[in-house]
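J.: Dumping the structure here so I can ask a few things about it.
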Amino acid sequence: MSSRVLPQFEYLTPQSIPEAIGILKQYQGKVSILAGGTDLLIWNYIRKINPAALLSLSSLPELDRLEFNPGEGLRIGARSKISSLLASSMIAEKYPALHEAALTFATPQIRNMATVVGNIMRGSPAGDCSCAILALGGQVVLEGPEGRRSVDIDDFWVGYGETARRSDELAVELRIPAPGPGTRSAFHRLTRVHEDLAKINVAVRLEMDRGVCRQARIAMGCVGPTLLRLKQTETVLAGATLNEEILLQVAESARREIAPIDDQRSTAEYRRQVAGVILRRVIERAAEGRN
Ligand SMILES: Cc1cc2nc3c(=O)[nH]c(=O)nc-3n(C[C@H](O)[C@H](O)[C@H](O)COP(=O)(O)OP(=O)(O)OC[C@H]3O[C@@H](n4cnc5c(N)ncnc54)[C@H](O)[C@@H]3O)c2cc1C
């Protein structure tokens, strides 16, 4: 028999969110939630977790929502696929960074299976939609036996592959604030080949006002154990006119702020060199609205 056979597990298909929460409580951390399965069903990953059961979201269509309104902003339900982002002209228009992350994400087959929330919950420092969402800001809405709570995306990843979710909680949706009149965003990633995970990825959200950057959020991936917000570099941009001198300072600050390592996709030295270059390009593209 092949050594790559998946471990044995029960397969559970709750018909409602309360039923799902009841299962999570009953199994006390021994159940894994199955969305698209593009991370969870990878042999190495599931073998390490070795869950007693998989809780599938397949019978919970109420988690499909992808909705925007100017008051509440964007709501992305836990079953929304990466491909659904690309099918939405609203995402392309209002959240270019997220649109670009989805556009460069894997292959059409994976995009049709993988969910946006699954990308966040995996807690990978290379997650592309996660990187865009960290720059855009927002909350992860979790539901457990005590009800719902929202965790700010800035506080959600607590270590490599670790999140603030408790084992009896289901992530039901993501919320991302509505962009204001001067809000601009962009995303870019470098990979060895298109289908690969990022060597490095970068997303920014800028609040622009007549050529001046009032505020910035900068997210970078593959440069630390979790996705990072470059808060010192953000202060270089705040209140600045985006000229050559500022962009050089920004690039230099980013190189100082990150903590990349060597791994199978790239070296720490390469990542440090290119971090400033791609950050600068992403800022210029966002500021000009060239997406
Ligand atoms: C060939 C290939 C290419 C890939 N390319 C990319 C890429 O280019 N960019 C990228 O970022 N990623 C990539 N990935 C990784 C993967 O596709 C993404 O991380 C994807 O978004 C995961 O979503 P999913 O729905 O498949 O999650 P799943 O595999 O179902 O779940 C992932 C994790 O999240 C948990 N989870 C899922 N949903 C919930 C929920 N609602 N509540 C609580 N926990 C939950 C699961 O239990 C599991 O631990 C690739 C994977 C493969 C196999």
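Start counting the sequence shown at 0; every next residue gets the next number (numbering that gives the first Met the number 0). For each residue, glycine too, the CB sits at the ideal point set by N, CA and C. The model shown is predicted, which means the values in this text are computed figures rather than measured ones.
1. Cβ of Met219 versus every heavy atom of ligand 1: is any distance shorter than 7 Å?
2. Report yes if the C-beta distance between Pro50 and Ser31 is below 8 Å; otherwise report no.
3. Just to confirm, does Ile132 get its C-beta within under 7 Å of one of the non-hydrogen atoms of ligand 1?
4. Around the C-beta of Thr162, are 16 or more other C-beta atoms found within 10 angstroms, so that it is buried, or is it exposed?
5. Going by C-alpha to C-alpha distance, which of Glu18, Arg271, Arg270 sits closest to Gly143?
6. Might you give, ordered along the chain, the residues of its own chain that have their beta carbon closer than 7 Å to the beta carbon of Pro224, omitting 5 neighbours on each side?
7. Let me know if Met0 comes out buried or exposed under the rule of 16 or more other beta-carbons within 10 Å of its beta-carbon.
8. Tell me the DSSP secondary structure of Val4 in three-state form.
9. Is there at least one non-hydrogen atom of ligand 1 closer than 7 Å to the beta-carbon of Ala105?
10. Could you pull the start and end residues of the beta strand (DSSP E) that Gly238 belongs to?
11. Roughly how many angstroms separate the alpha carbons of Gly210 and Gly28, rounded to a whole number?
12. Would you kindly work out how many angstroms separate the C-alpha atoms of Gly288 and Asp208, rounded to a whole number?
13. On the CB-based measure, 16 or more other CB atoms within 10 Å of its CB, does Gln138 come out buried or exposed?
14. Report the rounded CA-to-CA distance for Tyr26 versus Ala258, giving the unit in angstroms.
15. Whole angstroms are fine: how far does the CA of Leu173 sit from the CA of Arg188?
16. Between which residues of its own chain and Gly36 is the CB-CB distance below 8 Å, once the five residues before and five after are set aside?
17. Could you name the residues of the same chain whose beta carbon sits closer than 6 Å to that of Ser300, not counting the 5 residues immediately before and after it, in chain order?
18. Buried or exposed, going by whether 16 or more other CB atoms sit within 10 Å of the CB of His98?
19. So Ile217 packs on Thr232, CB below 8 Å; how close in whole Å?
20. Tell me whether the beta-carbon of Arg110 lies closer than 8 Å to the beta-carbon of Ala101.
21. Start and end of the alpha helix (DSSP H) containing Cys128?
22. Looking at the unbroken beta strand (DSSP E) that takes in Leu173, where does it start and where does it end?
23. Rounded to a whole number of angstroms, what is the C-alpha to C-alpha distance between Arg284 and Ala185?
24. What does DSSP give as the partner residues of Gln138 in its beta bridges?
25. If we call anything under 8 Å between Cβ atoms a contact, is Glu206 one with Gly179?
26. Would you kindly report the start and end of the unbroken beta strand (DSSP E) that includes Ala347?
T.: Looking at the coordinates:
1. no
2. yes
3. no
4. buried
5. Glu18
6. Pro124, Gly158, Tyr159
7. Reliability fails at Met0, whose pLDDT of 49 lies under 50, so the model's placement of it is uncertain and no value is given.
8. coil
9. yes
10. That residue, Gly238, is in no beta strand (DSSP E); it is neither H nor E in DSSP.
11. 50 Å
12. 13 Å
13. buried
14. 37 Å
15. 22 Å
16. Met112
17. Residue numbering for the chain in the displayed model covers 0 to 290; residue 300 lies beyond these limits and cannot be assessed.
18. buried
19. 6 Å
20. yes
21. 127-135
22. 169-175
23. 7 Å
24. Asp151, Arg174
25. yes
26. Residue 347 is absent from the structure shown; the chain starts at 0 and stops at 290.
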